[in-house]
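Here's the structure we're looking at; comments come further down.
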DNA sequence: GTATGCTTTCGGC
DNA sequence: TTACGGCCGAAAGCATAC
C-alpha cells in the first residue's frame, strides 16, 4: 500500500495568533518582533503577516529597517509572546494528532503526519481528512493552516509550501514526478549549497536531472549512502518514517550583550541569568547532557563556537561554570572581532529513564 | 573506503 | 547609509577506527 504522508504548517504563525486575539489589526501590516533591548529598535522581525509582506517585510529583517519601510502606514509592531504561541501550538498539534496515525512535530508551527491507515491508503480519503483538519484548526483556534499530502515526507513538505497560505495541495503518487522534476535541486530537503554546487558540477540543476542521473555517477561523487539518499529524495521514494519525537536533542539560551566585548569574564557575567535558567529547565525535565558549548556572535554576525564533551552525563549545569569560562576564553581569544551576542548550548542529552535502562544491562 | 563520533558552521522559522 | 533574535536541527569537516 502507498504511504500517505502529510505536512501541516500554520500560516504566518506568531502574527496570526496576535490577529486572532485582536481582530481589529488583521488588515494592517502586523509584525511580531524580537526586541533585543540594546537600543529602542534593535532586534528583528520574527513573523510578518501578508499585508506586511506585500510591503517588503520579512522574517529576520532588522526592526529599524522594517520601520523605515513602513513609514506612513498603520503598521502594528508587537513584541513576541512566546508562551502564548507555545500554548496555541500545543492545542493545534493535539487537534491534528487525534485525526492521524502518527504526528511528528518539527517546529512550533509545523508537523509531519501519516494517514496511511486513517485514509486506507486512498488519496481521496486523505484529502477529506486534510480538509477536516484545516476546518477543525480554524473552528477551534481561528487559525488558517496549509497542508501538503504526498507519498513521502519530502513530497508532503514541498506540497504544503506550494499551498501557502491557507491552502491544501495533494500530490498523489502518480503526480510526484511532475511536481518535483521542474524544481531547482537546492529546494530538495537535505541538499545544501555545498551539495548543490557539487551537483551543478556534474550537470544536475533540477530535481528531475537528479532523478535521472546514473547511480554510478552519484556514488562516485558522494559515496553510496549520500547517493542513495539523493536518488530517493529526488524521486519521492524516500521512506523515512514519521515518528513521534520523544524530546529535544539540545537546549540553548542566547542573549544580546549590553555592549560589544571580547572580555570572557564580562560575557560569563552577563550570561549568568541564562545559565541559571537553562540549569532549571534541565533539572525540571530531568535531562542530563554530555556536550557543553559556548556560542558567540561577533559584531559582523559571524558565529563562533567552542565545545567540550564529557565522558559521563552531567545533571547539574552549575558544575560547569569553570568549563564554560574556559570555553568562553578560548572563543574570545580566537575571535577576530568583539562579541555582540553570546550563548550556551547543551547537547548529547539523556534522561534518568535512559540511564536506568542502560544500567539494567550492566 | 566506509562507518562513526565529535566539533563547528549553516540554515529554517 | 546602516540597521540585526533566539531558538532549533542538519550539514559539513575532520579524526579515528575497522
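Numbering (the working numbering), first residue to last: 241 to 602. Cβ atoms here follow ideal geometry from the backbone N, Cα and C, with glycine treated the same way.
For the alpha helix (DSSP H) containing residue i, list its first residue and its last residue.
| i | result |
| --- | --- |
| residue 427 | Note, residue 427: premise wrong, no alpha helix (DSSP H); not H, not E. |
| residue 564 | 561 to 574 |
| residue 483 | Unbroken run through residue 483: none, as it is neither H nor E. |
| residue 249 | First-last for residue 249: 245 to 250, but that is the beta strand (DSSP E), not the alpha helix (DSSP H). |
| residue 539 | Taken as a continuous stretch (DSSP letters only), residue 539 belongs to no alpha helix (DSSP H), as it is neither H nor E. |
| residue 557 | It is not in any alpha helix (DSSP H) - residue 557 carries neither H nor E in the DSSP assignment. |
| residue 510 | 504 to 525 |
Let's test the definition: count the other Cβ atoms within 10 Å of the Cβ of residue i and tell me whether it reaches 16, buried, or not, exposed.
| i | result |
| --- | --- |
| residue 485 | exposed |
| residue 197 | There is simply no residue 197 to check, as the chain begins at 241 and stops at 602 in what is shown. |
| residue 259 | buried |
| residue 541 | exposed |
| residue 457 | exposed |
| residue 444 | buried |
| residue 473 | buried |
| residue 332 | buried |
| residue 452 | exposed |
| residue 528 | buried |
| residue 499 | exposed |
| residue 429 | exposed |
Confirm, please, whether the CB-CB distance from residue j to residue i is below 8 Å.
| i | j | result |
| --- | --- | --- |
| residue 392 | residue 512 | no |
| residue 418 | residue 241 | no |
| residue 269 | residue 327 | no |
| residue 386 | residue 249 | yes |
| residue 604 | residue 492 | Residue 604 lies beyond the stretch modelled for the chain, which goes from 241 to 602, so this question has no answer here. |
| residue 564 | residue 534 | yes |
Compute the Euclidean distance between the alpha carbons of residue i and residue j, then round it to the nearest angstrom.
| i | j | result |
| --- | --- | --- |
| residue 421 | residue 343 | 28 Å |
| residue 247 | residue 372 | 14 Å |
| residue 479 | residue 468 | 11 Å |
| residue 396 | residue 245 | 6 Å |
| residue 312 | residue 320 | 23 Å |
| residue 400 | residue 558 | 43 Å |
| residue 588 | residue 522 | 13 Å |
| residue 276 | residue 304 | 12 Å |
| residue 580 | residue 281 | 16 Å |
| residue 438 | residue 365 | 41 Å |
| residue 509 | residue 519 | 15 Å |
| residue 403 | residue 573 | 48 Å |
| residue 495 | residue 516 | 13 Å |
Note the first and the last residue of the continuous beta strand (DSSP E) segment covering residue i.
| i | result |
| --- | --- |
| residue 550 | 543 to 554 |
| residue 589 | 579 to 591 |
| residue 445 | Counting along the chain, residue 445 falls outside any beta strand (DSSP E), and DSSP gives it neither H nor E. |
| residue 500 | 490 to 501 |
Uninterrupted alpha helix (DSSP H) stretches inside the stretch 260 to 331 (no shorter than 4 residues): 290 to 294 and 303 to 309
4-residue-minimum alpha helix (DSSP H) runs that sit fully inside the stretch 341 to 420, ordered along the chain: 363 to 381, 393 to 403 and 416 to 420
Length at least 4, wholly inside the stretch 451 to 483: the alpha helix (DSSP H) runs in chain order: 455 to 462 and 464 to 475
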